[in-house]
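Structure first, commentary second.
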Amino acid sequence: MKKLGLLVRLEAKAGKEKDVEAFITSALPLANEEAGTVTWYAFRIDASTFGIFDTFSDEEGREAHLGGKIAKALMENASELLATAPSIEKLDVLAVK
Numbered sequence: 001m002k003k004l005g006l007l008v009r010l011e012a013k014a015g016k017e018k019d020v021e022a023f024i025t026s027a028l029p030l031a032n033e034e035a036g037t038v039t040w041y042a043f044r045i046d047a048s049t050f051g052i053f054d055t056f057s058d059e060e061g062r063e064a065h066l067g068g069k070i071a072k073a074l075m076e077n078a079s080e081l082l083a084t085a086p087s088i089e090k091l092d093v094l095a096v097k
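Under UniProt numbering, the letters of the sequence shown match residues 1 to 97, in that order.
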């Protein structure tokens, strides 16, 4: 069951929108390798705002994701790609269809 989640908002620097989109979509194979990540979504909110939403069955899976390859690559590339620091929010999933 999906009990826990992460909501990450990313604001691209001007002119880096395509790079941010390519970066987050290229992370899908890494997410697929994570046994503790139940679902993983990359999305666009508007022209320069992007996001990632993940779900996990337990805190161990969520923490493994936060310490994993995607998070590491995001932080390594944040200053080049993003206008502001990533907003990372831990959340509880209350209902799922």
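Quick reminder that beta carbons are idealized off the backbone N, C-alpha and C, glycines included.
Note that the coordinates shown come from a computational prediction; the quantities given were computed from them, not determined experimentally.
- For R62 and L6, the gap between their C-alpha atoms comes out near 8 Å.
- Around the CB of I24, 16 or more other CB atoms lie within 10 Å, so the residue is classed as buried.
- Scanning its chain for C-beta atoms nearer than 7 Å, with the 5 sequence neighbours on each side dropped, one finds around L81 the residues A12, K13, K16, D19, V20 and F23, in chain order.
- Assignment of A42 by DSSP, reduced to helix, strand and coil, places it in the strand class.
- Contact between H65 and A71 holds, with the beta-carbon distance rounding to 7 Å and staying under 8 Å.
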